[in-house]
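What follows is one structure encoded as structure tokens, with my remarks underneath.
Numbering (full-length UniProt numbering), first residue to last: 1 to 145.
This is how it looks when you write it as structure tokens:
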């Protein structure tokens, strides 16, 4: 997910969209003032994935946009003076490109599968060394039935 911040007539306008370019329409929004645990504003984005607010104090504002599918975008907006300008915008970090994300996912799954397989193989070898053949298996030279 990505986001963009602009100043229009003193208001901060945040636009959010998915990696596909589709806007985060009607996503939940929470805006926090600098150094505050209480929400300054909450609501939803419009159909174009936009939300606007007018900051009343300078500092770093947090804008959190999330949907019901688990997607979450957190932006930090540094306001130098109420209604004037923005010094910098910090997003949640650049997302991985899709092909790279797919490769990382496949490697992770194969790594977990290999680890489990190796663990089972090591347990099987350790069990064979102890002379245990498993439940219900009669070893040669064992007690007669």
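The beta-carbon is built from N, C-alpha and C at its ideal position, and this holds for glycine as well.
Reference residue 48, options 32, 4, 111, closest by Cα: For the purposes of this step, residue 48 is taken as residue 48 along the chain shown, with counting starting at 1. Across the set 32, 4, 111, the C-alpha of 4 shows the shortest separation from the C-alpha of residue 48.
Distance CB(residue 44)-CB(residue 28) smaller than 8 Å: Residue 44 sits at position 44 when you count from the first residue of the chain shown. Residue 28 sits at position 28 when you count from the first residue of the chain shown. It is a contact, given that the beta carbons lie within the stated cut-off.
Residue 52 - partner residues in DSSP beta bridges: Position 52 of the chain shown, counting from 1, holds the residue named residue 52. DSSP lists 13 as partners of residue 52.
Residues near residue 99 in its chain [Cβ-Cβ closer than 7 Å; skip 5 each side]: Taking the chain shown and counting its residues from 1, one reaches residue 99 at position 99. Counting only Cβ-Cβ distances below 7 Å, and skipping sequence neighbours, we find nothing.
Exposure of residue 15, with buried meaning 16 or more beta-carbon neighbours within 10 Å: In the chain shown, the residue the question calls residue 15 occupies position 15. Buried, since its Cβ has 16 or more Cβ neighbours within 10 Å.
Among 112, 67, 57, the one whose alpha carbon lies nearest that of residue 35: As a working mapping, residue 35 is identified with position 35 in the chain shown. The option with the nearest alpha carbon to residue 35 is 57.
Through-space distance from residue 65 to residue 26, alpha-carbon basis: Here residue 26 refers to the residue found at position 26 of the chain shown. Here residue 65 refers to the residue found at position 65 of the chain shown. One Cα belongs to residue 26, the other to residue 65, and the distance between them is close to 10 Å.
Cα-Cα separation, residue 20 to residue 121: As a working mapping, residue 20 is identified with position 20 in the chain shown. As a working mapping, residue 121 is identified with position 121 in the chain shown. Our two residues, residue 20 and residue 121, have alpha carbons roughly 42 Å apart in a direct line.
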